[in-house]
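Residue numbers (full-length UniProt numbering): 1 to 326.
Next up, the structure:
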């Protein structure tokens, strides 16, 4: 096995066994962040250390230039590298199948996230309904994500209504273009573009970010890693039939896209299997360097002006040379 060192004190994950016997010591990726996301999807449980060489565009997760691949491969084999454990989320998508008209129009038997059964009525639009995990629900699939799960309006021009639950407790009704639940790694991706906070990769938390919310007071939230979040499309009832908005699209790390209808829900938990990413020294040093290089985070005005001044000097020099040849 690889003798790579852990960058911080959280425990690592086991190595997945191959069908033919043996184990994977480490994985090498050549590309950008999308390649790392694809590798993460190949290992829903234990992930071997991932050594990523930048050959893409931005490269938040690709710490090493390909020009130095021989050096870093040699250090990796010798067990001379540090690891940053990137938290991931485990998501389950459920599809609601209504079998009777009465259940659709009046009430439904449901079970909350703690396993207790209850009978709940479908309230009017604007109120958070009950989380439905009844026998009429079918598990569509389980997905492990490194960046985020997105529930959004898709091609529709309307806002979407999404009921948010935390450990089965109604929290709020999301009225927006959509909502994101991100890992700290995903906080610098789609979530950041939607106005979410930037979260250090060593913080084990889930970040909820609304996409263009109807209310300006709806700000991003951080949830602890021990909770279970649920995003559910409200049931259609006689009370809210006229105001019920259309279906939503859900995607996991930008892939595995599905349409969600009334009653469908996705549950989100922190996965016990993080992705060990090889870093130069520590996850803090590499992360801040990525923020500065990739996003120009808090770069002083003097540094921002330097490229423009250099361009102006080059243009002036070129103009002098051109005039001297005339």
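Every residue, glycine too, gets a C-beta built ideally from N, C-alpha and C. Fair warning: this is a prediction, and the values are worked out from it, not measured in the lab.
Contacts around residue i, its chain only, beta-carbon distance under 6 Å, and the 5 residues preceding and following it disregarded
i	result
residue 297	291
residue 189	147
residue 40	146, 275
residue 35	29
residue 69	53
residue 218	210
For residue j and residue i, the rounded distance between their alpha carbons
i	j	result
residue 164	residue 223	12 Å
residue 174	residue 274	29 Å
residue 29	residue 53	6 Å
residue 88	residue 176	25 Å
residue 281	residue 48	19 Å
residue 185	residue 93	22 Å
residue 160	residue 315	51 Å
residue 259	residue 156	12 Å
residue 214	residue 55	39 Å
residue 216	residue 72	47 Å
residue 330	residue 201	Residue coverage of the chain in this structure runs from 1 to 326, which leaves residue 330 outside it and unanswerable.
residue 84	residue 193	24 Å
residue 206	residue 270	8 Å
residue 153	residue 24	40 Å
residue 65	residue 167	43 Å
residue 38	residue 300	35 Å
residue 313	residue 289	28 Å
residue 226	residue 67	41 Å
residue 233	residue 139	15 Å
residue 212	residue 171	19 Å
residue 254	residue 97	26 Å
Start and end residues, beta strand (DSSP E) containing residue i
i	result
residue 235	Counting along the chain, residue 235 falls outside any beta strand (DSSP E), and DSSP gives it neither H nor E.
residue 176	169 to 182
residue 164	160 to 166
residue 152	148 to 152
residue 268	265 to 270
residue 252	248 to 252
residue 296	No beta strand (DSSP E) holds residue 296; DSSP gives it neither H nor E.
residue 45	From DSSP, residue 45 is part of no beta strand (DSSP E); its letter is neither H nor E.
residue 256	255 to 260
residue 186	Note, residue 186: premise wrong, no beta strand (DSSP E); not H, not E.
residue 142	137 to 145
First through last residue of the alpha helix (DSSP H) which encompasses residue i
i	result
residue 280	Looking at the DSSP string, residue 280 is not in any alpha helix (DSSP H), and its letter there is neither H nor E.
residue 36	33 to 42
residue 192	190 to 193
Supposed contact pair residue j and residue i - C-beta distance, whole angstroms, cut 8 Å
i	j	result
residue 151	residue 51	Actually they are not in contact, since the Cβ atoms of residue 151 and residue 51 sit about 33 Å apart, beyond 8 Å.
residue 208	residue 179	7 Å
residue 204	residue 220	About 17 Å separates the two Cβ atoms, so there is no contact after all.
residue 268	residue 229	4 Å
residue 43	residue 149	Not confirmed; about 18 Å, so no contact.
residue 63	residue 264	Not quite, the Cβ-Cβ distance comes to about 38 Å (not below 8 Å), so this is no contact.
residue 95	residue 137	7 Å
residue 91	residue 162	No, residue 91 and residue 162 are not in contact; Cβ-Cβ is about 15 Å, not under 8 Å.
8 Å Cβ shell around residue i - same chain, five flanking residues per side excluded
i	result
residue 58	32, 33, 294
residue 256	141, 143
Residues near residue i in its chain [Cβ-Cβ closer than 7 Å; skip 5 each side]
i	result
residue 78	none
residue 187	196, 197, 198, 199, 207
residue 191	148, 180, 182, 207, 209
residue 60	33, 188, 290, 294
residue 344	What the structure shows of the chain is the stretch from 1 to 326, and residue 344 is not part of that stretch, so it cannot be assessed.
Test: residue i CB closer than 9 Å to a CB of chain D
i	result
residue 54	Considering every chain present, this structure includes no chain D. It has just one protein chain.
message = Going residue by residue through the stretch 196 to 222, where are the continuous beta strand (DSSP E) segments of at least 3 residues, counting only ones entirely within it?
response = Those beta strand (DSSP E) runs which fall completely within the stretch 196 to 222 and span 3+ residues are 205 to 213.
Entirely enclosed alpha helix (DSSP H) segments - the stretch 55 to 90, minimum 4 residues = Listed in chain order, they are 69 to 77.
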